[in-house]
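Following my numbering, the numbering of the sequence shown begins with 2 at its first residue and continues without gaps.
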Amino acid sequence: MIHSKDFLKRQIQYLIQLLEKLLFGKAEFDSMEMGEIQDSLVKAVFGFRKEEILKKDITELEEIIARKDQNLKADSYKILGFLFYTHQKEKAKYFLQKYLETSKIYDFEIVKLLYKIEEIK
Numbered sequence: 002m003i004h005s006k007d008f009l010k011r012q013i014q015y016l017i018q019l020l021e022k023l024l025f026g027k028a029e030f031d032s033m034e035m036g037e038i039q040d041s042l043v044k045a046v047f048g049f050r051k052e053e054i055l056k057k058d059i060t061e062l063e064e065i066i067a068r069k070d071q072n073l074k075a076d077s078y079k080i081l082g083f084l085f086y087t088h089q090k091e092k093a094k095y096f097l098q099k100y101l102e103t104s105k106i107y108d109f110e111i112v113k114l115l116y117k118i119e120e121i122k
């Protein structure tokens with residue numbers, strides 16, 4: 002159990018780094034490779050492919066996160082916020098706000114993303 006928990010934690014951290022590179026323009030991968038890596042990591046973390054996650058509503062995603070270890074919840078919210086940022090801004094806003102609440106960390110990059118979402122409205 003500990004081994005799988007550590008593995009999942011590493012996968013989550015790698016996925017967050019990958020998504021940050023994508024969102025903040027620091028990606029060094031071609032888009033095809035990035036999509037494949039992202040999809041496999043999302044499946045490892047959430048048990049669903051990226052396209053399946055993007056089709057789920059907030060309630061379903063909250064249920065998936067509720068089953069996760071307490072230490073992984075904040076990062077799960079952050080991942081979902083990043084995933085939805087380019088597709089569904091309202092869901093991105095919800096999950097990024099949940100990340101800030103759950104992590105209790107003031108993350109300036111996240112606050113900037115939330116501000117951009119508000120400007121788009």
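We put the beta carbon where it would ideally sit given N, CA and C, even for glycine.
- At a Cβ-Cβ threshold of 8 Å, Ala45 and Gln12 count as neighbours.
- Asp40 and Lys51 do touch by the CB rule: their CB atoms are close to 5 Å apart, below 8 Å.
- For Gln89, there is no enclosing alpha helix (DSSP H), as DSSP gives it neither H nor E.
- Secondary structure of Asp108 (DSSP, three-state): coil.
- Each residue's CA atom was taken as its position, placing Tyr107 and Phe47 some 25 Å apart.
- Under the DSSP assignment, Lys69 falls outside any alpha helix (DSSP H); it carries neither an H nor an E label.
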